[in-house]
Every structure is written in C-alpha cells, then in structure tokens.
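S.K.: This is the structure, below, for whatever I ask next.
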Amino acid sequence: MAINLEFYNTLNRKKEVFEPLNPPNVGMYVCGPTVYGDPHLGHARAAIVFDVVFRLLSHFGYKVRYVRNITDVGHLENDADGGEDKIAKKARLEQLEPMEIVQLYTDQYHKAMDALNMLHPSIEPRASGHIIEQIAMIEEIMENGFGYEKDGSVYFDVVEYNKKNHYGKLSGRVVEELLDNTRDLEGQDDKKNSVDFALWKKAQPEHIMRWPSPWSVGFPGWHLECSTMGAKYLGSPFDIHGGGMDLLFPHHECEIAQSQAANKQDPVKYWMHNNMITINGQKMSKSLNNFITLDQLFEGDHEALDQAYAPMTIRFFILQAHYRGTLDFSNDALKAAEKGYRKLMNSIATASKLSPGEKSTSDIPALVENCEKAIKDDLSTSILISHLFEGVRITNSVKIGEETISKGDLSLLNKMFEDYAFNILGFQAEADQTGQGVIGPLMDLILDIRQDARVNKNFDISDKIRDALTTMKITTKDEKDGTSWTYDE
RNA sequence: GGUCGCGUGGCCGAGUGGCUUAGGCACUGGUCUGCAAAACCAGUUACAGCGGUUCGAAUCCGCUCGCGACCUCCA
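Here it is in structure tokens:
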C-alpha cells in the first residue's frame with residue numbers, strides 16, 4: 013500500500029517516504045498531557061496535529077492504533093525540591109487527593125479535546141496504571157548494565173550507554189558537551205554524572221504518590237512511562253512517535269536510550285515534532301505563565317482576548333500554519349481565522365445544494381489531486397486549505413452563474429470537501445443551520461413576513477426584523493431565490 | 001556559554017533558483033442589492049541589511065543586525 017506519503021523525521025532531519033513496519037497496520041504514540049493544570053492552546057496544537065495524522069493515515073487505508081498517554085504520576089518538579097512530585101505538590105496546595113486532581117484535569121482535557129472535534133485515541137493509558145511494567149523495564153535496564161541504584165533511587169547511566177550507543181542521535185546533543193555545560197547542582201545529587209537521569213525515585217516523606225518497588229517506596233522517573241507503554245501497546249519498534257518540540261530533549265532522547273537499553277531495539281521509526289505556539293513571539297508555557305487555556309479561549313475570558321473563539325476557529329487557526337513552524341497567537345490572527353472558517357463552511361453548505369450544468373469550467377479533478385498532494389507532503393495543511401478555498405471560489409462562482417460544473421465534477425467537489433475538510437482536517441459544521449424542531453418553521457414564518465414587507469416596500473418593517481435577527485446573531489441574506497439565514501454562535 | 005532555528009507585503013501564513021498574483025483576514029474600486037449581508041471581479045502594500053555565487057535568488061554561500069527554542073517541568 014504505497015501511497016507516497018512523506019513525513020519529516022526528526023531522527024534524520026529530513027522528509028522521508030512513510031513506509032510502515034507492518035502494513036497495513038500503523039502504530040502511533042503521542043505524548044499526552046500531564047494532568048495537573050487546565051489544557052491550553054499548546055496542548056491543542058499537539059493534539060490537533062496528530063489527530064490529523066491519525067485521520068490522514070486512516071483515510072488512506074491504514075489500520076492505525078493511536079496511543080496517547082495521560083501522565084498522572086507527575087514528573088519531578090526539579091532537582092532542588094527533593095524529588096517532589098508535581099501532582100502531589102499541587103494536591104497539597106489545593107487540599108485534595110492527588111487522584112482528585114488527576115481526575116479533574118483529565119476531565120477538563122477530554123472536554124476540550126471533544127470540543128475541538130478530536131477523534132479519541134485507540135488507547136489512552138495512564139502512567140499510574142503501568143507501575144508494574146515500569147519496574148520491569150527498570151530491571152531489564154539494570155540487568156543489561158545501564159542502570160545503577162543509589163539510596164533507593166535508580167539512575168540511567170548515560171555515559172556507560174553512550175560507549176556503545178549514541179545518546180543524542182535524536183536531539184543532536186553530544187554527551188561530552190553536555191557534561192561540560194551542565195551547571196553544578198550543589199552535589200546534592202546521587203547521580204554518577206550530571207547527564208544521568210532517574211528511572212526510579214525514592215519518595216520523600218511528604219511525597220504522597222508512591223508505590224513499592226525492589227529499591228524503595230517511590231515513583232518512576234520522568235521518561236519511563238512513554239517507553240514502557242509505547243512498547244507494551246505498539247511493540248518495539250513501532251512506526252510513529254509524536255509530541256511537542258519541547259519534549260525532544262531530554263524526554264524523547266531518554267526514551268530512545270531506555271528502550272534501546274532494555275529491549276536492544278531502536279524503538280521508533282519516525283519521530284515527529286510539532287512546533288510551539290507563541291504569544292508576542294514568546295513560547296506559551298506553564299513556566300512563563302503566559303498561556304491561555306482552552307476554556308478561556310472558548311469563553312473569551314482572558315485579558316489578552318477581545319472576544320470568545322469557537323473551538324473550530326481554534327482548529328482552523330492552528331491548521332492554517334504548518335505544524336513544524338511556530339505559530340504566533342493574536343486576536344487579529346484569530347479573528348481572521350474565524351472569518352475564513354465561516355467562509356469555508358458557508359461555501360461547503362452551498363456546494364451541497366448546487367445544480368450541475370452541462371460541463372465544468374474549472375478543473376475539479378486537478379484540484380482534488382492538489383489537495384491530496386498537499387496533505388501527503390509532510391502534512392501541508394496550510395496549502396491544503398488554500399486549495400479548499402479554490403473550491404470555495406468555484407462553488408460561489410457556480411452559484412451566481414459565473415461558472416458551471418458537471419454532475420460528475422459536482423459530486424467530486426462535494427466529496428473533496430467531505431474528505432479533506434471534514435474527515436482529514438477534522439472540521440465540523442457548526443450547529444445545524446437548517447433549523448431543528450420549531451426553529452425552522454419559525455424562521456420561515458418570520459422571513460415570510462419580512463418578504464411581504466419588502467414586496468410592499470415597507471422597508472422600516474423589513475429592516476426592523478433583520479436588525480433584530482442580527483442582534484440574535486442570525487444573519488440574513490437576500491438572494492435571488494429567496495432569503496437564507498445562518499446562525500453564528 | 002553550548003546546540004539548533006527563524007526574520008516574507010497592514011496582520012496571520014505558504015513558498016527553496018527563473019510565471020507561485022499561494023491562501024485567509026484587512027483595505028480600495030467595481031458588479032449585484034430597496035439598503036445591507038454574502039458572493040464575484042479588479043487593485044494596493046513583500047521577501048531584515050550588506051556582500052558574494054549564478055545568465056537569473058525571497059530561495060544557495062558569507063557577514064551584520066534583530067528574534068526565538070532547547071540545554072530544567074512543559075504540547
């Protein structure tokens with residue numbers, strides 16, 4: 013099943029033809045959220061990008077198992093806080109059970125993902141549910157000579173590993189340089205070398221989340237869960253591993269090292285990384301405290317926001333940029349996305365009601381081919397969208413009689429919108445505009461009354477009705493064959 | 001400090017050697033309309049700076065300036 017799909021592989025720093033290890037099956041693992049805070053725009057970008065990869069692969073006939081984890085064990089806060097678990101810390105602050113926090117923010121995340129019309133992953137494993145597997149993996153690593161214990165904690169011996177393997181193959185780091193450059197940390201560390209990282213951490217007394225292990229009562233290290241769960245559900249090696257660029261180092265680098273050390277296998281064939289969302293040119297992140305949560309975006313409840321933005325506006329905004337470039341947030345950009353998206357959706361609705369003519373004045377098959385070419389070229393969603401807008405122009409031109417389209421091409425055009433706008437890009441038509449229940453007939457009545465007024469040139473009445481409807485966010489359009497209306501939420 | 005990346009028109013954002021008018025938004029003019037809205041047509045504003053390679057560069061190379069990411073939890 014060669015479909016000429018190309019992805020940029022971070023591992024080799026170039027675009028490569030995608031060839032799954034076991035066609036037609038594809039295994040994809042994506043780093044999910046650490047559930048200790050509200051999901052923000054950055055989470056949305058990663059999730060949307062790989063949602064499109066998932067949809068794309070499925071659309072072209074692959075059988076995809078998509079695994080996206082929930083990190084509910086929490087990573088170490090930093091080296092200086094005694095190994096305190098991030099989730100545990102938050103729990104104490106808010107006087108809640110750690111698992112309460114986890115539940116709360118997992119729910120928030122799911123809610124936001126659903127609003128953004130994300131397909132659910134095939135499996136959404138939790139780190140806390142895989143402690144046993146993680147311990148087993150640490151034992152493998154130790155047996156193979158790449159892990160050592162110190163005071164109940166276990167560390168990965170990067171220097172030893174690097175003798176026969178290449179630590180840094182993904183991120184381009186050089187161990188010797190890392191050793192030179194790492195700052196001294198007051199020697200409060202049990203690590204042999206500063207580049208070593210924790211596989212298991214002994215819990216401090218105040219540390220709430222803890223599990224028994226052969227070494228101590230504690231918790232697994234930062235990078236282990238992805239290695240473990242990826243191998244468990246997708247095998248080793250598997251096809252695609254995705255995540256944000258900020259996870260490239262050290263997280264993904266460590267994943268490779270651990271997996272290689274435990275399973276003697278390079279774990280992943282294609283590494284894909286989405287770039288960051290910036291605000292005023294700066295990365296949006298928890299630590300900089302300049303992030304905007306998805307709820308704030310949907311509600312317009314943030315000082316940086318002029319208004320609320322619908323989930324689909326966010327989705328469109330994100331997909332209008334290529335996933336490997338940074339994307340700068342601004343109200344103007346979001347407003348532009350909102351208008352553009354609405355235009356696209358209106359036109360798609362129009363296309364479904366178009367009447368075919370004798371022949372086509374535009375080359376629809378070529379347009380469809382361009383769409384396919386774009387999305388297969390390293391997920392060039394921005395170019396795909398520009399082609400969809402060519403479809404918009406054709407649709408609207410046919411509607412006003414400037415162009416014609418054959419019956420066959422019309423169904424091709426509609427299929428193109430269906431396939432690319434909805435199935436692959438994952439856009440979603442907004443609330444049913446034909447009107448449900450009583451709304452439709454009611455609107456018919458109102459517009460009928462207004463039409464009578466217009467025929468009688470009683471424009472005071474007709475404009476009064478239109479103005480009132482506009483206030484309710486209902487836009488009316490007087491067209492040749494009657495008045496249409498749309499509701500903009 | 002080390003490693004890597006970026007700088008495109010009013011805004012966002014594609015494009016990597018020679019017509020891409022990319023596309024969206026905004027703006028201007030026109031068509032349509034009772035007026036609008038929507039739509040269509042036309043138009044305006046570019047490739048950070050300097051130098052080099054080349055018949056030809058936004059696109060390759062060098063330098064300068066500016067910005068950012070990673071090196072610490074982060075999508």
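Counted the way the numbering used here counts, the first sequence spans residues 13 to 501.
Yeah, the Cβ is synthetic: ideal placement off N, Cα and C, and Gly gets one too.
Predicted, not measured: the structure shown is a model, and the values here were computed from it.
1) Return the residue from the list Asp-460, Ile-252, Arg-478 and Ala-333 that minimises the CA-CA distance to Cys-43.
2) So Trp-234 packs on His-263, CB below 8 angstroms; how close in whole Å?
3) For Glu-253, does the three-state DSSP call read helix, strand or coil?
4) Note the first and the last residue of the continuous beta strand (DSSP E) segment covering Asp-490.
5) Ignoring anything shorter than 4 residues or poking outside the segment 108-140, list the alpha helix (DSSP H) runs there in chain order.
6) Using the DSSP secondary-structure output, state which residues sit across from Phe-341 in a beta bridge.
7) In whole angstroms, give me the CA-to-CA distance for Ile-473 and Lys-427.
8) Per DSSP, which residues does Trp-212 bridge with? Please list them.
9) Leu-346 to Thr-338, Cα distance in whole Å?
10) Would you kindly report the start and end of the unbroken alpha helix (DSSP H) that includes Ser-409?
11) With respect to the beta strand (DSSP E) encompassing Thr-305, which residues constitute its N-terminal and C-terminal limits?
12) Can you grab the Cα-Cα spacing for the pair Ser-367 / Pro-133, in whole Å?
13) Go through its chain and collect everything with a Cβ distance to Gln-319's Cβ below 6 angstroms, but skip five positions before and after it.
14) If you reduce the DSSP assignment to three classes, tell me which class Ser-423 lands in.
15) Kindly list the residues whose CB is nearer than 6 angstroms to the CB of Ile-376, restricted to its own chain and excluding five residues on each side of it in sequence; keep chain order.
16) Please work out which residues of its chain come closer than 7 angstroms, Cβ to Cβ, to Ser-225, disregarding the five sequence neighbours upstream and downstream, and give them in chain order.
17) Going by other Cβ atoms of all chains shown within 10 Å of its Cβ, with 16 needed for buried, is Thr-240 buried or exposed?
18) Return the CA-CA distance between Leu-128 and Ile-326, expressed in angstroms with no decimal places.
19) For the candidate residues Thr-46, Arg-80, Arg-138 and Thr-22, whose alpha-carbon lies nearest to that of Gly-39?
20) By Cβ distance, which residues of its chain are closer than 6 angstroms to Ser-183, with the 5 residues on each side in sequence left out?
21) When we look at the beta-carbon of Gln-272 and count the other beta-carbons within 10 Å, is it buried (16 or more) or exposed?
22) To the nearest angstrom, how far is the alpha carbon of Ile-144 from that of Leu-236?
23) Do you know whose CA, among Phe-66, Asn-177 and Gln-115, lies nearest Leu-131's CA?
24) For the alpha helix (DSSP H) that Lys-75 lies in, which residues bound it at each end?
25) Short of 7 angstroms in beta carbon distance, which residues of its chain neighbour Gly-255, apart from the five on each side in sequence? Order them along the chain.
26) In chain order, which continuous runs of the alpha helix (DSSP H) of length 4 or greater are located wholly inside the segment 310-369?
27) Just to confirm, is the Cβ distance from Gly-141 to Lys-102 under 9 angstroms?
28) Could you pull the start and end residues of the alpha helix (DSSP H) that Val-61 belongs to?
29) Which residue from Ile-387, Val-280, Arg-462 and Phe-231 puts its Cα closest to that of Gly-247?
30) Tell me whether Tyr-48 sits in a helix, a strand or coil according to DSSP, three-state version.
31) Taking the straight line between their C-alpha atoms, what separation do you get for Ser-398 and Tyr-121?
32) Quick check on Ala-386: buried or exposed, where buried means 16 or more other Cβ atoms within 10 Å of its Cβ?
33) The alpha helix (DSSP H) spanning Met-149 covers which residue range?
34) In this structure, does DSSP put Val-207 in helix, strand or coil?
35) Mark Ala-378 as exposed unless 16 or more other C-beta atoms lie within 10 angstroms of its C-beta, in which case mark it buried.
36) Got a sec, what are the start and stop residues for the beta strand (DSSP E) Val-29 sits in?
M.R.: Result, derived from the coordinates:
1) When only C-alpha atoms are compared, the closest one is Ile-252.
2) Approximately 7 angstroms separates the beta-carbon atoms of Trp-234 and His-263; this is inside 8 angstroms, confirming the contact.
3) Sequence check: residue 253 is His here, not Glu. Residue state, collapsed to three classes: strand.
4) Secondary structure note for Asp-490: its beta strand (DSSP E) is the uninterrupted segment 486-491.
5) Segments of the alpha helix (DSSP H) lying fully in the segment 108-140: 110-127.
6) Ile-291, per the DSSP bridge assignment.
7) Answer to the nearest angstrom: the Cα atoms are 42 angstroms apart.
8) According to the DSSP secondary-structure assignment, Trp-212 is paired through a beta bridge with Val-166 and Pro-232.
9) Going from the Cα of Leu-346 to the Cα of Thr-338 covers about 15 angstroms.
10) Taken as a continuous stretch (DSSP letters only), the alpha helix (DSSP H) holding Ser-409 covers 393-411.
11) Unbroken run through Thr-305: none, as it is neither H nor E.
12) Looking at the two C-alpha atoms, the distance is approximately 39 angstroms.
13) So the qualifying residues of the chain are Gly-312.
14) Three-state result, Ser-423: helix.
15) Around Ile-376: Asp-421, Leu-424 and Leu-425.
16) The beta carbon of Ser-225 is closer than 7 angstroms to those of Ile-147 and Trp-212 in its chain, skipping five residues each way along the sequence.
17) Thr-240 sits buried, since 16 or more C-beta atoms from the chains shown fall within 10 Å of its C-beta.
18) Taking the straight line joining both Cα atoms gives about 8 angstroms.
19) Among Thr-46, Arg-80, Arg-138 and Thr-22, the Cα nearest to that of Gly-39 is on Arg-80.
20) Exclusion of the five residues before and after Ser-183 leaves Leu-260, Phe-261 and Glu-265 as the residues of its chain whose Cβ lies within less than 6 angstroms of its Cβ.
21) By the neighbour-count rule (16 or more Cβ atoms within 10 Å), Gln-272 is buried.
22) Straight-line Cα distance between these residues: approximately 12 angstroms.
23) Answer by Cα proximity: Phe-66.
24) Where Lys-75 is concerned, there is no enclosing alpha helix (DSSP H), although the beta strand (DSSP E) it sits in stretches over 75-80.
25) So the qualifying residues of the chain are Val-42, Cys-43, Ala-58, His-264 and His-285.
26) If we require 4 residues or more, the alpha helix (DSSP H) runs fully inside the segment 310-369 come out as 323-331 and 343-363.
27) The answer is no: Cβ separation not under 9 angstroms.
28) Val-61: member of the alpha helix (DSSP H) spanning 53-71, first to last residue.
29) Ranking Ile-387, Val-280, Arg-462 and Phe-231 by Cα distance to Gly-247 puts Val-280 first.
30) Tyr-48 carries a coil assignment under DSSP once its states are collapsed to helix, strand and coil.
31) Counting only the Cα atoms, Tyr-121 lies some 30 angstroms from Ser-398.
32) Buried is the call here.
33) Met-149 -> alpha helix (DSSP H) spans 143-155.
34) Three-state DSSP puts Val-207 in coil, outside helix and strand.
35) It counts as exposed.
36) 26-29 is the span of the beta strand (DSSP E), which, as asked, contains Val-29.
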